[in-house]
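Chains W and L, in that order, are what the protein sequence lines are. For reference, each letter of the first sequence is one residue, going 1216 to 1426 in our numbering. For reference, each letter of the second sequence is one residue, going 1216 to 1426 in our numbering.
2 protein chains.
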Amino acid sequence: MVAEAIRQVARQPRGDATRQSILDAAEKVFADLGYAAARLEDVAQAVGIRRPSIVYYFPGKQQLYDQVEADIFASMHEFVLKRVKHAEGPMAQLLALLDAWLDFLVARPTAARIIQRLVADFAPRGDNPVRFSETALRDIETVISMGIADGTFRQVSAMHMLNGVAGGALFYVCNAAQLGEGRSYDPADPAELAGFRALIHKLAKAAVLPG
Amino acid sequence: MVAEAIRQVARQPRGDATRQSILDAAEKVFADLGYAAARLEDVAQAVGIRRPSIVYYFPGKQQLYDQVEADIFASMHEFVLKRVKHAEGPMAQLLALLDAWLDFLVARPTAARIIQRLVADFAPRGDNPVRFSETALRDIETVISMGIADGTFRQVSAMHMLNGVAGGALFYVCNAAQLGEGRSYDPADPAELAGFRALIHKLAKAAVLPG
């Protein structure tokens, strides 16, 4: 399965197997329930261990959540770098970046839900709101400013691109089974994904090209 | 203030003043904390009443939340109808719809956060996932299918339009103060809003026009 292959690439296992199992389970629990409703007990049960075994690795819920969020953004950034380095010029790089985010989120829908919840939050949880997402934000800001600098792109705001174009991948993944049977789709289905990817490319070009 | 004027139009007060105060406070509490973390006590405290007074109007958290969500989508639908009826032809109607959603969400950011959380949820909370959002979904589906039927639009999926274009308004509102000082903006600022609106129009046209 393509999605599973990407998932394996996208993950960055560190440390021992139990620690990784805790992180995998925690990502799913935080994605499904949100930070507030998630309990360390839910994570322990999903892994098949007891609560104290989690606390051996992560002192509390906040630390566990932080590690999950850090892993998501680190993996996403790695994934982008691999794709973008093969692309030449700002437009190819922008499309490669958007493709990478889309493929990453389709392969790892738990990440999509966690980022979606992050956007919904009224105020950042910690002192530095972009401690983990900074790399992702810089990835898109860098390619946009390169395109503007060399005259390929018009003066477009990176935040507008993030909100208006890049964010679509999150909705595409999260809305797949949310809106009733008649509106459901499989985001990993090749034809469905190709259709949405073509739309994102069209939108990206319309957004940045002059005129 | 423009936002306050739209807010007044956008709200549909029903019943007595206390009930409305409870709903207003609950919308803010659910938007800020999410369903799981929100407590009736938080709502009572925000209104300046005691918990039993809420229970007089709403038997529990689920019923209160349902009424908040129902009000949001009913108000959004009313707001769209007023705007769309002045527009002639599918393209003007599509842009009027997207403008209406954008203005509605800018004026009522609590609604944006609640919808954003709804999208993040793994599975619908009740038996009918679109009990409240159905009207909004139909609004965009109707204009898209009209445009396709009369040949103005290419064969574009309404779900792709929702995810790829319409959803941007949610990110625009929710991300305004989330990503650190250097990336913050006021979504109600006229110049900022005009810039994002122009982008949304550009994207909508690129998405639906043939070629």
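The C-beta atom is built at its ideal place from N, Cα and C for all residues, glycine as well.
Neighbouring residues, chain W, relative to residue i (Cβ below 7 Å)
i, result
"L:Ala1421", "Lys1417, Leu1418 and Ala1421"
"L:Ser1372", "Gly1410"
"L:Ala1251", "Leu1248, Gly1249, Ala1251 and Ala1252"
"L:His1375", "Gly1410, Phe1411 and Leu1414"
"L:Gly1382", "Gly1382, Gly1383 and Phe1386"
Contact set for residue i: own chain, Cβ-Cβ below 6 Å, skip 5 residues either direction
i, result
"W:Met1216", "Confidence is the limiting factor: at W:Met1216 the pLDDT is only 40, short of 50, which leaves the residue's position unreliable and the question unanswerable from this model."
"W:Lys1243", "Thr1325"
"W:Ala1421", "none"
"W:Gly1410", "none"
"W:Ser1236", "Val1262"
"W:Ser1268", "none"
"L:Ser1348", "Phe1288"
Closer than 8 Å at the beta carbon, the chain L residues around residue i
i, result
"W:Ser1360", "Simply none; closest approach about 13 Å."
"W:Phe1368", "Near W:Phe1368 there are no residues of chain L at all, since even the closest Cβ is about 13 Å away, more than 8 Å."
"W:Pro1344", "Gln1393, Leu1394 and Gly1395"
From the options, residue whose alpha carbon lies closest to that of residue i
i, options, result
"L:Ala1285", "L:Ile1269, L:Gly1304, L:Arg1346 and L:Phe1368", "L:Arg1346"
"L:Gln1308", "L:Val1283, L:Val1295 and L:Leu1317", "L:Val1295"
"L:Leu1377", "W:Leu1385, W:Ala1327 and W:Glu1396", "W:Leu1385"
"W:Val1380", "W:Met1291, W:Arg1398 and W:Leu1317", "W:Leu1317"
"L:Pro1405", "L:Thr1350, L:Leu1310 and L:Val1321", "L:Val1321"
"L:Leu1279", "L:Glu1256, L:Gly1263 and L:Lys1300", "L:Glu1256"
"W:Asp1231", "W:Asp1247, W:Pro1267 and W:Tyr1271", "W:Tyr1271"
"W:Arg1283", "W:Leu1414, W:Tyr1250, W:Val1262 and W:Leu1238", "For clarity, residue 1283 of chain W is Val in the given sequence; the question names Arg instead. Checked all of W:Leu1414, W:Tyr1250, W:Val1262 and W:Leu1238; the closest Cα to W:Val1283 is W:Leu1238."
"W:Arg1328", "W:Lys1276, W:His1375 and W:Ala1391", "W:Ala1391"
"L:Gly1395", "W:Ile1264, W:Gly1304, W:Val1334 and W:His1301", "W:Val1334"
"W:Gly1249", "W:Arg1266, W:Pro1267, W:Ala1259 and W:Gln1277", "W:Gln1277"
"W:Val1358", "W:Arg1323, W:Arg1234, W:Gly1382 and W:Glu1303", "W:Glu1303"
"L:Leu1418", "L:Arg1398, L:His1375 and L:Gly1397", "L:His1375"
"L:Asn1343", "W:Ala1403, W:Ala1253 and W:Gly1397", "W:Gly1397"
"W:Ser1290", "W:Gly1275, W:Phe1319 and W:Val1388", "W:Phe1319"
Sequence-distant residues of its chain with Cβ nearer than 7 Å to residue i (five each side left out)
i, result
"W:Asp1314", "Arg1298 and Arg1412"
"L:Asp1354", "His1292, Val1295 and Leu1312"
"L:His1416", "Leu1310"
"L:Leu1414", "none"
"L:Arg1234", "Tyr1272"
"L:Val1423", "Leu1309, Gly1362, Phe1368, Arg1369 and Val1371"
"L:Val1388", "Leu1320, Val1321, Pro1324, Ala1327 and Pro1402"
"W:Ala1220", "Summary for W:Ala1220: the model assigns pLDDT 48, below 50, so the residue's position carries little reliability; its value from the coordinates is reported in the next sentence. Within the same chain, W:Ala1220 has no close Cβ partners at all."
"L:Arg1265", "Ala1259"
Chain L contact residues for residue i, given Cβ-Cβ distances below 9 Å
i, result
"W:Gln1235", "Residues of chain L passing the Cβ test: none, with the nearest at roughly 22 Å."
"W:Phe1319", "Going along chain L, no residue has its Cβ under 9 Å from W:Phe1319, so there is no contact; the nearest lies around 16 Å."
"W:Phe1288", "Those within 9 Å of W:Phe1288 in chain L number zero; the least Cβ separation is about 13 Å."
Beta-carbon contacts of residue i that lie in its chain and below 8 Å, excluding the five residues immediately before and after
i, result
"W:Pro1425", "Phe1368 and Arg1369"
"W:Glu1407", "Tyr1400 and Asp1401"
"W:Ser1360", "Ala1373"
"W:His1301", "Ala1311"
"W:Gln1260", "none"
"L:Val1258", "Ile1237, Ala1240, Ala1241, Val1244, Ile1269 and Leu1279"
Proximity of residue i and residue j at Cβ, strictly below 9 Å
i, j, result
"W:Phe1245", "W:Arg1332", "yes"
"W:Ala1240", "W:Phe1288", "no"
"W:Pro1305", "W:Asp1365", "yes"
"W:Asp1281", "L:Gln1393", "no"
"W:Gly1362", "L:Gly1383", "no"
"L:Ala1251", "W:Ala1252", "yes"
Within chain L, partners of residue i - CB distance below 7 Å
i, result
"W:Gln1199", "Residue 1199 of chain W lies beyond the range of chain W shown here (1216 to 1426); nothing can be said about it."
Neighbouring residues, chain W, relative to residue i (Cβ below 9 Å)
i, result
"L:Tyr1272", "Going along chain W, no residue has its Cβ under 9 Å from L:Tyr1272, so there is no contact; the nearest lies around 24 Å."
"L:Leu1352", "Leu1394, Gly1395 and Arg1398"
"L:Phe1245", "Residues of chain W passing the Cβ test: none, with the nearest at roughly 11 Å."
"L:Gly1275", "Within 9 Å Cβ-Cβ: nothing; L:Gly1275 doesn't reach chain W, min ~16 Å."
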